[in-house]
Amino acid sequence: NAGVMQNPRHLVRRRGQEARLRCSPMKGHSHVYWYRQLPEEGLKFMVYLQKENIIDESGMPKERFSAEFPKEGPSILRIQQVVRGDSAAYFCASSPGQGAGYEQFFGPGTRLTVL
Amino acid sequence: GDSVTQMEGPVTLSEEAFLTINCTYTATGYPSLFWYVQYPGEGLQLLLKATKADDKGSNKGFEATYRKETTSFHLEKGSVQVSDSAVYFCALSDRVVSQFYFGTGTSLTVIP
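Chains as they are written, first to last, in this note's numbering: chain A, 1 to 115; chain B, 116 to 227.
Printed below as a string of structure tokens:
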């Protein structure tokens, strides 16, 4: 059973460009979470999605950031008009259910560098 | 709101030394508690977890006990190895919402 997959592993963008980060959850998992890790900091929750629904986006910046998890295909985190402050590692996690007892399985992350 | 406070690093230990990484939490409900480990260039891997008070999670020689009275979940290992060098994150998951709250991470380096 393959783990959570993320691509690309590294992404370089110039200011003003768009960044698209993809996450394929583990087989059988329908709950996906996105986190951002800034240098020397812990992970900060961004958004929680189930298939075709955004459940909790309380950690997402109000502008330029969006996320989706379509019925078919991976979850996408999209950052429009990137700025240098968006440079970070973005991690996706998936779980088989909702609630405190469920472990979240993490992908290897996408490291975004904005020049 | 919910939060996790973790001992700051970096921590450097000699091989076979005793390890403690402190973690305390604030939560309104009855959270589950986790320790994750992150090796260089990789994502987070679950190390151990505890879902209720007085539970002890253990894995690969690491242990942590869920202490409700002190709101703590300290990570311990009796004898560390060079291969334990990594960043360790304490986290909690609230029963009501599904997001995890992470500490800032503690970098551990074990020298031979």
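Yeah, the Cβ is synthetic: ideal placement off N, Cα and C, and Gly gets one too.
None of these values were measured; they are calculated from a predicted model.
{"Query": "Could you check if A/R13 is buried or exposed, using at least 16 other CB atoms within 10 Å of its CB as the buried criterion?", "Result": "buried"}
{"Query": "Could you spell out the range, first to last residue, of the beta strand (DSSP E) harbouring A/M46?", "Result": "43 to 50"}
{"Query": "Need the endpoints of the beta strand (DSSP E) that B/N137 sits in, please.", "Result": "Where B/N137 is concerned, there is no enclosing beta strand (DSSP E), given that its DSSP letter is neither H nor E."}
{"Query": "Assess contact between the segment 81 to 101 of chain A and the segment 32 to 41 of chain A, defined as three or more Cβ pairs (one per stretch) separated by less than 8 Å. Is contact present?", "Result": "yes"}
{"Query": "Note down the Cα distance separating B/T219 from A/Q81, rounded to an integer number of angstroms.", "Result": "28 Å"}
{"Query": "First and last residue of the beta strand (DSSP E) that includes B/E191?", "Result": "190 to 192"}
{"Query": "Below 9 Å between beta carbons is the criterion; list the residues of the segment 14 to 37 of chain A that meet it against any residue of chain B, in chain order.", "Result": "H31, Y33, Y35, Q37"}
{"Query": "Starting from A/F91, find everything on chain B with Cβ-Cβ shorter than 9 Å and list it in chain order.", "Result": "G158, L159"}
{"Query": "Spell out the partners DSSP gives B/Y151 in its beta bridges.", "Result": "B/L161, B/F204"}
{"Query": "Give me the Cα-Cα distance between A/Y102 and A/R15, rounded to the nearest whole angstrom.", "Result": "38 Å"}
{"Query": "Exposed or buried, A/G109, counting other C-beta atoms within 10 Å across all chains shown (16 or more means buried)?", "Result": "buried"}
{"Query": "For my contact list, B/T180 and B/K192 are in at a C-beta cut-off of 8 Å; report their separation, rounded to the angstrom.", "Result": "Wrong, their Cβ atoms sit about 13 Å apart, outside the cutoff."}
{"Query": "When you compare each of B/Y203, B/Y151, B/S194, B/V126 to B/Q160 by their alpha carbons, which one comes out closest?", "Result": "B/Y151"}
{"Query": "Using the Cβ count rule (16 or more neighbours within 10 Å means buried), how would you classify B/T141?", "Result": "exposed"}
{"Query": "Tell me the DSSP bridge mates of A/Q80?", "Result": "In DSSP, A/Q80 forms no bridge with anything."}
{"Query": "Whose C-beta lies closer than 8 Å to the C-beta of A/Q104 among residues of the same chain, with five residues either side of it excluded?", "Result": "Y33, A93, S94, S95"}
{"Query": "Which of the three DSSP states is assigned to A/S30 in this structure?", "Result": "coil"}
{"Query": "When burial is assigned at 16 or more other CB atoms within 10 Å of the CB, is B/A206 buried or exposed?", "Result": "buried"}
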